[in-house]
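Residue numbers (this note's numbering): 1 to 217.
We put the CB at the ideal spot given by N, CA and C, even for glycine.
Below is one structure; the comments refer to it alone.
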Ligand code: SF4
């Protein structure tokens with residue numbers, strides 16, 4: 001089941017059966033590709049290229065967050081940085097066989113003792129986005145042992161909203177990791193992968209009966 005990532009673990013937490021179909025059996029999705037997901041990927045790619053200075057003109061899709069994006073570029077923020085940790089939450093190579101958890105962080109830069117972690121978002125805001133950022137802090141903290149604080153921020157491209165920085169102090173990192181460890185243990189000990197139907201999960205599930213998938217729900 002390793003390496004874990006935020007999306008893998010949240011997939012398991014939302015419905016172990018869905019996780020099983022996708023990550024264990026590696027079944028293809030029963031749904032056609034989502035235009036919204038394709039659009040999100042395309043915009044992420046443009047944001048990445050913009051920060052890397054690979055675009056000749058400013059991408060119009062990022063117009064509503066232009067000021068923020070320009071500031072990030074001026075700060076030389078790194079883009080799509082791949083980080084990984086082992087089971088002791090020590091930094092390790094992204095491709096290492098010892099990886100416990102991986103994270104690909106959309107935007108990352110540090111100044112003084114503060115590490116800034118940000119994520120481009122298309123579509124609407126969800127409470128889970130804050131959990132995702134905590135996950136990133138847990139991984140990034142291993143790679144920035146001198147950092148005292150981590151400022152996380154979500155950039156909602158469609159709405160033109162940049163959330164105020166949420167501050168995570170170094171002392172909070174261990175409890176966050178303990179919670180992730182408990183979730184991982186729970187998932188890794190599961191031999192049944194029970195279905196956990198809910199209106200929200202099943203409606204969008206790639207494996208639901210309504211989409212021609214193998215699940216009974
Ligand atoms: S349809 Fe619902 S219960 Fe079935 S795998 Fe998907 S989320 Fe789980």
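Closer than 7 Å: residue i CB and nearest ligand 1 heavy atom
| i | result |
| --- | --- |
| residue 201 | yes |
| residue 26 | no |
| residue 187 | no |
| residue 7 | no |
| residue 208 | yes |
| residue 31 | no |
| residue 92 | no |
| residue 128 | no |
| residue 215 | yes |
| residue 17 | yes |
Residue i classed as buried or exposed, judged by whether at least 16 other C-beta atoms fall within 10 angstroms
| i | result |
| --- | --- |
| residue 18 | buried |
| residue 218 | A query on residue 218 cannot be resolved here, the shown segment of the chain reaching from 1 to 217 and no further. |
| residue 105 | buried |
| residue 103 | buried |
Coarse secondary structure for residue i, derived from DSSP in three states
| i | result |
| --- | --- |
| residue 175 | helix |
| residue 195 | coil |
| residue 109 | strand |
| residue 15 | coil |
| residue 1 | coil |
| residue 166 | strand |
| residue 27 | coil |
Span of the beta strand (DSSP E), counted from its first residue to its last, around residue i
| i | result |
| --- | --- |
| residue 80 | 78–86 |
| residue 118 | 114–121 |
| residue 139 | Counting along the chain, residue 139 falls outside any beta strand (DSSP E), though it belongs to the alpha helix (DSSP H) covering 128–143. |
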